[in-house]
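Counting with full-length UniProt numbering, you get residues 1 to 921 for the letters of the sequence shown.
I have placed the structure first, in the form of structure tokens, so that the comments after it can refer back to it.
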Amino acid sequence: MSFKKDEEAAFRHDKTAIIQEARVFNESNISPRRCRILLTKILYLLYTGEKFSQQEATDLFFGATKLFQNKDPGLRQMVYLAIKELAPYAQDVIMVTASIMKDMQPNTEVVYRPNAIRALMRVIDPSMVQGLERYLKSAIVDRNPSVACAALVSSYHLFMGARDVVKRWSNEVQEAINMRPSVSSGSSTFGGLRPGLTLRFGGDSSSNQVEPASVPSMSYLMQYHALGLLYLSRQSDRIAVTKMVQQLGNPRQGVVLRNPFALCMLVRYTAKIAEEDPNMRVPLLDLLEGWLRHKSDMVNYEAARALCTMHGIGVEHQTKAISVLQMFLSSPRSVLKFAAVRTLAELAQTRPALVQTCNVDMENLITDANRGVATYAIATLLKTGNESSVDRLIKQISGFMSEISDEFKVIVVDAIRSLSFKFPSKQAAMLSFLAGVLRDEGGYDFKRSVVEAIFSMARYIRGCKEVALSHLCEFIEDCEFTKLNVRILHLLGAEGPSMPEPHKYIRFIYNRVVLENAIVRAAAVNSLAKFGAQNAELTSRIRVLLQRCLEDVDDEVRDRAALALRMLEPNVLAPLPVDDTPDLQVLEQSLKSYVDAMDASQPFDFESVPRTTGTDEEAEAQNEALLVSTATTSASADTGAAASSEVDGATPYADYAAQLAAVPEFASYGTLLTSSPSTPVPLTESETEYMVTAVKHVFAEHIVLQYNVTNTLAEIVLEEVMVVVGGLIEAGLEEEFIVPVPTLSAAMPSGTVYVSLRRDASLPFPLATLSNTLRFISKEVDPASGEPEEEGYQDEYQTEELDLGVADYVQPTDIDFAATWETLPASASETFALTALESLDASCSTLIEILGMRALGGTDTPANPSVHTMMLAGHLASPTGLDLVLARVRMMYEPSEGVTMELSVRAANDEACLFVLSAIA
């Protein structure tokens with residue numbers, strides 16, 4: 001240890017001392033050894049983040065250039081390194097161009113040329129590249145790999161500043177890919193390999209050529225750099241990139257990539273094109289499958305990973321990739337095992353049935369010395385295993401949880417969280433495990449993931465709420481994180497009063513008032529108040545505890561206690577509102593509109609603000625829990641929460657409700673039942689002069705069409721902008737009025753047009769294809785004054801049609817499917833043959849889009865490629881309000897016949913069932 005400390009101390013250099021020592025560069029008799037040591041110190045300071053002023057960097061830069069007079073090869077290389085690193089901070093560096101170019105000549109020793117090329121590219125200005133074009137093009141096609149690689153990498157960095165010049169070198173770059181390096185240069189450059197030593201890191205799997213032992217595949221490193229530069233110059237041309245991939249991927253074209261890094265890069269380009277272009281997917285998937293049989297392990301893995309992570313491909317392709325990854329699981333190299341098990345863990349989130357074939361191999365990795373490999377193996381087994389293996393896996397996990405980092409602990413906890421929804425009967429073992437790891441040492445992210453997992457089990461798994469709350473009570477006795485304390489106290493206040501023995505939680509909550517900081521004390525006061533408000537037997541005891549809180553040193557704690565005591569007095573105020581919380585976003589928008597209106601004659605109608613009921617909160621939290629539980633490779637629960645908000649669509653719905661509430665014409669329409677879709681439907685191209693998007697809003701007796709109109713022409717002003725809707729009579733709809741936009745100008749180019757339609761009582765769910773015509777008065781703007789002309793002319797603009805379908809009347813929701821299915825009185829069922837769909841994955845996504853319902857319990861992702869059952873739930877916007885509708889879809893896929901589907905619907909009445917079935921018919 002003392003030797004290591006002395007070694008570290010030797011590299012702690014003082015910048016001022018080094019600048020003073022740089023005087024050796026000016027001596028007449030230069031000592032190469034002293035200069036090399038000094039240049040090393042300068043580079044060390046630069047690499048460790050030390051900042052040199054512009055004057056200091058300039059002095060060091062030109063001092064180092066004086067060493068060009070010395071012929072020592074080692075010193076010359078150090079000079080080039082110093083010049084390259086100091087160039088961004090120094091002034092007038094372009095003056096050293098002539099000295100560097102002397103070492104770029106083809107007759108110069110090979111050891112100098114690569115360094116000179118790299119240094120020169122840091123010194124010159126991009127405008128000077130054209131004058132050096134001849135030197136760089138000759139270096140790109142040099143048979144020495146080190147020279148070619150230096151020129152290619154330098155060209156890559158010059159691309160942003162001299163794009164047009166570098167693009168002209170595509171022929172030389174293509175030649176560098178095809179070029180065969182010289183035997184002597186390859187052996188001398190890459191470690192002095194002996195001519196008799198055979199190294200095969202690359203080569204094409206379908207070629208039977210035997211590479212000479214004197215030219216190892218790593219000598220073809222310029223292929224890697226050339227391929228990157230070639231793609232950079234062609235990336236804006238999809239056809240050119242596709243052609244490049246096909247030529248380099250097919251050895252019969254005469255171009256063979258022998259460098260494994262180049263092949264890995266080509267695999268990534270191939271996967272990207274296959275995912276973006278469905279027309280090229282089939283031939284490119286064949287290329288990827290061919291690379292699964294390559295001689296290089298890294299190429300095999302890259303191809304397997306591309307197939308496993310690509311969206312929308314068939315099971316047969318991923319099965320071949322899984323076979324390759326399964327072989328890597330038994331490899332003696334830890335890096336291969338880690339890469340394979342991590343990829344399988346990611347695939348297990350969407351297709352656990354395919355990964356089950358690797359379970360035996362992954363069980364052998366639980367005791368692997370590399371804890372990263374063991375952690376991913378456990379996480380994958382938890383997602384793919386059966387109920388009988390849960391206890392054994394949890395016992396094995398407990399043995400090494402203390403040996404892994406917090407990042408890997410979070411992965412294991414998220415896997416346990418997901419498993420609890422899959423096998424609820426194993427709740428006792430899982431809760432015991434989570435409670436045990438809560439007592440271990442760990443950071444905030446780890447403890448938060450455990451607490452969130454216990455929260456989810458308490459809310460959505462029957463029979464474990466009481467045990468979960470007890471574990472959380474014990475945790476807050478010794479919890480150092482304020483945020484977690486507040487979260488747990490809030491849950492205890494919400495769930496504790498309804499438990500069989502609510503009084504046992506009060507002691508843990510009041511301890512927080514005595515022992516914790518002000519934030520936690522305030523949260524504890526709120527929780528105590530909820531116990532007193534919801535349980536009359538505890539009210540008197542809670543009042544005693546709250547009276548003690550009136551002497552707290554923090555004013556917020558005292559205020560909350562005083563408010564709670566006042567609300568707990570009989571016949572004074574209503575009990576604390578627990579399940580009647582208003583939608584805060586709608587409340588904010590409504591209050592803002594009320595204040596802006598400056599109308600104090602009428603009081604603000606608080607009762608008109610929609611409420612966030614307990615059911616909505618639980619649905620949102622359950623969706624968050626399911627999303628987070630599937631993200632086994634994520635160490636943060638915040639990402640899952642964000643994804644949950646996007647899926648729920650709660651924010652757009654609240655925004656639409658607030659916008660419509662601010663329009664006086666819609667005040668009598670009542671509550672907004674549903675808005676579809678959450679993202680407006682474009683009715684025009686984005687490049688047109690007038691852009692129009694549409695959203696459909698459904699009320700009990702009305703349908704409101706919202707058209708968002710944007711005028712992109714600054715020299716034109718549009719007045720009295722409205723949308724005329726056609727096709728209403730056939731659908732049983734009646735237009736009541738149009739809310740136009742007065743003016744669209746350069747100062748305010750966007751506005752919203754509303755069209756109100758009345759629903760016919762005899763046809764409660766109208767389906768139609770509506771035509772939309774934008775009408776307005778167009779006035780040109782005077783360039784001199786900037787004001788529109790007084791007279792304009794009537795004009796109109798035809799947009800795309802707008803479909804009104806089943807999904808527009810359905811609001812997706814979460815619910816206990818098994819408990820609710822039998823309670824709905826009306827049912828209907830029908831069988832369909834979907835020959836146009838090529839897989840069960842496509843069927844699930846298409847049905848969700850057409851029906852507008854939410855898939856429950858992760859049933860939107862088929863675990864079996866041939867047979868699957870999907871459960872859907874939603875609320876149907878009928879004239880009487882929102883009615884619950886459930887659907888069960890049983891699907892079977894055969895390659896020759898497509899998808900055969902049985903759709904069963906249950907609802908409150910037969911009319912709703914038949915309406916949902918009509919979406920398919």
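Positions of the beta carbon are idealized from the N, C-alpha and C atoms, including for glycine.
**Asked** In this structure, does DSSP put Leu227 in helix, strand or coil?
**Response** The sequence position of residue 227 within the sequence shown is 227, counting from 1. In the structure shown, the three-state DSSP call for Leu227 is helix.
**Asked** Among the residues of its own chain, which have a CB less than 6 Å from the CB of Leu770, if the five just before and after it don't count?
**Response** In the sequence shown, counting from the first residue as 1, residue 770 sits at position 770. Here the set comprises Val725, Gly727 and Leu802.
**Request:** Note the first and the last residue of the continuous beta strand (DSSP E) segment covering Ser331.
**Result:** Residue numbering aside, residue 331 sits at position 331 when the sequence shown is read from its first letter. Element bounds for Ser331: n/a, residue is neither H nor E.
**Three-state secondary structure assigned by DSSP to Arg448** = Position 448 of the sequence shown, counting from 1, holds the residue named residue 448. In this structure, Arg448 counts as helix in the three-state DSSP scheme.
**Request:** Compare the Cα-Cα distances from Cys358 to each of Ala57, Val324 and Tyr669 and report the closest residue.
**Result:** Along the sequence shown, read from residue 1 onward, the residue named residue 358 stands at position 358. Checked all of Ala57, Val324 and Tyr669; the closest Cα to Cys358 is Val324.
**Contact check, Val753 vs Tyr707, beta carbons under 7 Å** = Within the sequence shown, numbered from 1, the residue matching residue 753 stands at position 753. Within the sequence shown, numbered from 1, the residue matching residue 707 stands at position 707. Taking 7 Å as the Cβ cut-off, Val753 and Tyr707 qualify as a contacting pair.
**Asked** What are the boundary residues of the alpha helix (DSSP H) that Val557 is part of?
**Response** In the sequence shown, residue 557 corresponds to position 557, counting from 1. From DSSP, the alpha helix (DSSP H) with Val557 extends over Asp555 to Leu568.
**Asked** beta strand (DSSP E) containing Ala768: first to last residue?
**Response** Walking along the sequence shown from the start, residue 768 turns up at place 768. Counting along the chain, the unbroken beta strand (DSSP E) around Ala768 starts and ends at Ala768 to Glu780.
**Asked** Near Pro850, which residues of its chain fall below 8 Å by C-beta distance, leaving aside the five closest residues on each side in sequence?
**Response** In the sequence shown, the residue the question calls residue 850 occupies position 850. Reading the sequence as shown, one finds Ile at residue 850 and not Pro. Around Ile850: Gly805, Val806, Ala807, Ala919 and Ile920.
**Message:** According to DSSP, is His702 part of a helix, a strand, or is it coil?
**Reply:** Indexing the sequence shown from 1 puts residue 702 at position 702. His702: strand per DSSP, three-state reduction.
**Item:** Sufficient close CB pairs (3 or more, under 8 Å) joining the stretch 745-752 to the stretch 806-822
**Value:** no
**Asked** What is the residue span of the alpha helix (DSSP H) that residue 934 lies within?
**Response** Within the shown structure, residues of the chain are numbered from 1 to 921, placing residue 934 beyond reach of any answer.
**Prompt:** Relative to the alpha-carbon of Ala661, which residue among Phe699, Val692 and Glu687 has its alpha-carbon at the smallest distance?
**Reply:** Counting from 1 along the sequence shown, the entry for residue 661 is found at position 661. When only C-alpha atoms are compared, the closest one is Phe699.
**Request:** Return the residue from the list Thr367, Ala912, Thr343 and Pro570 that minimises the CA-CA distance to Ser878.
**Result:** Within the sequence shown, numbered from 1, the residue matching residue 878 stands at position 878. Of Thr367, Ala912, Thr343 and Pro570, the residue nearest in Cα terms is Ala912.
**Prompt:** Can you give the Cα-Cα distance for Val647 and Ser827, rounded to whole angstroms?
**Reply:** As a working mapping, residue 647 is identified with position 647 in the sequence shown. As a working mapping, residue 827 is identified with position 827 in the sequence shown. Legend: pLDDT at Val647 = 35, less than 50; position of this residue unreliable, value from coordinates given subsequently. Cα-Cα distance, rounded: 28 Å.
**Request:** Please classify Thr242: is it buried, with 16 or more other beta-carbons within 10 angstroms of its beta-carbon, or exposed?
**Result:** For the purposes of this step, residue 242 is identified with residue 242 of the sequence shown, where counting begins at 1. Under this definition Thr242 is a buried residue.
**Prompt:** Would the beta-carbon of Met362 fall within 7 Å of that of Thr343?
**Reply:** For the purposes of this step, residue 362 is identified with residue 362 of the sequence shown, where counting begins at 1. For the purposes of this step, residue 343 is identified with residue 343 of the sequence shown, where counting begins at 1. In this structure, Thr343 does not lie closer than 7 Å to Met362 by Cβ.
**Every unbroken beta strand (DSSP E) inside the stretch 439-490 [3 residues or more]** = none
**Request:** Use the C-beta contact count for Phe503: other C-beta atoms within 10 angstroms, 16 or more gives buried, fewer gives exposed.
**Result:** What you label residue 503 is simply residue 503 of the sequence shown in a count that begins at 1. Per the sequence shown, the amino acid found at residue 503 is His instead of Phe. Exposed, by the Cβ-count rule.
**Own chain partners of Phe915 with C-beta closer than 7 Å, once the 5 adjacent residues on each side are dropped** = Here the question's residue 915 lines up with position 915 in the sequence shown. The residues are Phe765 and Val806.
**Message:** I'd like to know if the stretch 878-896 and the stretch 844-861 are in contact, where contact means that at least 3 CB-CB pairs between them fall below 8 Å.
**Reply:** yes
**Prompt:** Cα-Cα, which of Val663, Thr710 and Thr671 is closest to Leu683?
**Reply:** Within the sequence shown, residue 683 is the residue found at index 683, counting from 1. Selected option, being the one with the closest Cα: Thr710.
**Request:** Using alpha carbons as the reference points, say which of Tyr44, Gly881, Thr799 and Asp782 lies closest to Thr773.
**Result:** As a working mapping, residue 773 is identified with position 773 in the sequence shown. Closest option to Thr773, judged by alpha-carbon separation, among Tyr44, Gly881, Thr799 and Asp782: Thr799.
**Asked** My guess is that Ser449 and Val410 are in contact by the Cβ rule of under 8 Å, so how many angstroms apart are they, rounded?
**Response** Within the sequence shown, the letter at position 449 stands for residue 449. Within the sequence shown, the letter at position 410 stands for residue 410. With 8 Å as the limit, Ser449 and Val410 qualify as a contact, their Cβ atoms being about 5 Å apart.
**Prompt:** Taking all protein chains shown into account, do 16 or more other C-beta atoms lie within 10 angstroms of the C-beta of Lys71, making it buried, or fewer, making it exposed?
**Reply:** Taking the first residue of the sequence shown as 1, we reach residue 71 at position 71. Lys71 is exposed by the Cβ-count criterion.
**Message:** Only counting the same chain, and skipping five residues up and downstream in sequence, which positions put a Cβ closer than 7 Å to that of His157?
**Reply:** Start at 1 with the first residue of the sequence shown, and residue 157 comes out as number 157. Met121.
**Prompt:** For residue 924, which residues from the same chain have a beta carbon less than 8 Å from its beta carbon, with the 5 sequence-adjacent residues on both sides left out?
**Reply:** This structure gives no information on residue 924, because the portion of the chain shown stretches from 1 to 921.
**Distance between Val360 and Pro680 (C-alpha atoms, nearest Å)** = As a first step, residue 680 must be located in the sequence shown, where it is residue number 680. As a first step, residue 360 must be located in the sequence shown, where it is residue number 360. In a straight line, the C-alpha of Pro680 is about 49 Å away from that of Val360.
**Request:** Work out the CA separation of Val553 and Ser540 for me, nearest whole Å.
**Result:** Taking the sequence shown and counting its residues from 1, one reaches residue 540 at position 540. Taking the sequence shown and counting its residues from 1, one reaches residue 553 at position 553. Cα to Cα, Ser540 sits roughly 24 Å from Val553.
**Proximal residues to Phe159 (C-beta, below 6 Å), its chain only, five neighbours per side dropped** = Stepping through the sequence shown from its first residue, residue 159 is reached at position 159. If we look at Phe159 and ignore the five residues flanking it on each side, its Cβ neighbours are Val166 and Leu232.
**Asked** Distance, Cα to Cα, Asp555 vs Ala518?
**Response** Locating residue 555 in the sequence shown gives position 555, where the first residue counts as 1. Locating residue 518 in the sequence shown gives position 518, where the first residue counts as 1. Cα to Cα, Asp555 sits roughly 9 Å from Ala518.
**Request:** Could you check what DSSP says for Glu363 in three-state terms: helix, strand or coil?
**Result:** The residue labelled residue 363 in the question sits at position 363 within the sequence shown. Note: Glu363 maps to helix in three-state DSSP.
**Request:** Please say whether Ser219 and Pro181 have beta carbons closer to each other than 7 Å?
**Result:** Residue numbering aside, residue 181 sits at position 181 when the sequence shown is read from its first letter. Residue numbering aside, residue 219 sits at position 219 when the sequence shown is read from its first letter. Cβ distance < 7 Å, so Pro181 and Ser219 count as in contact.
**Prompt:** Closest to Ser668 by CA distance: which of Asp286, Ala522, Lys465 and Arg758 is it?
**Reply:** Within the sequence shown, the letter at position 668 stands for residue 668. Cα-wise, what sits closest to Ser668 is Arg758.
**Buried or exposed by the 16-neighbour rule on C-beta atoms within 10 Å, applied to Lys102** = Here residue 102 is taken as the residue at index 102 of the sequence shown, counted from 1. So Lys102 counts as exposed.
**Same chain only: Cβ atoms within 7 Å of Leu229, ignoring 5 sequence neighbours per side** = The residue labelled residue 229 in the question sits at position 229 within the sequence shown. So the list reads Leu152, Ser155, Tyr156 and Val173, once near-sequence residues are dropped.
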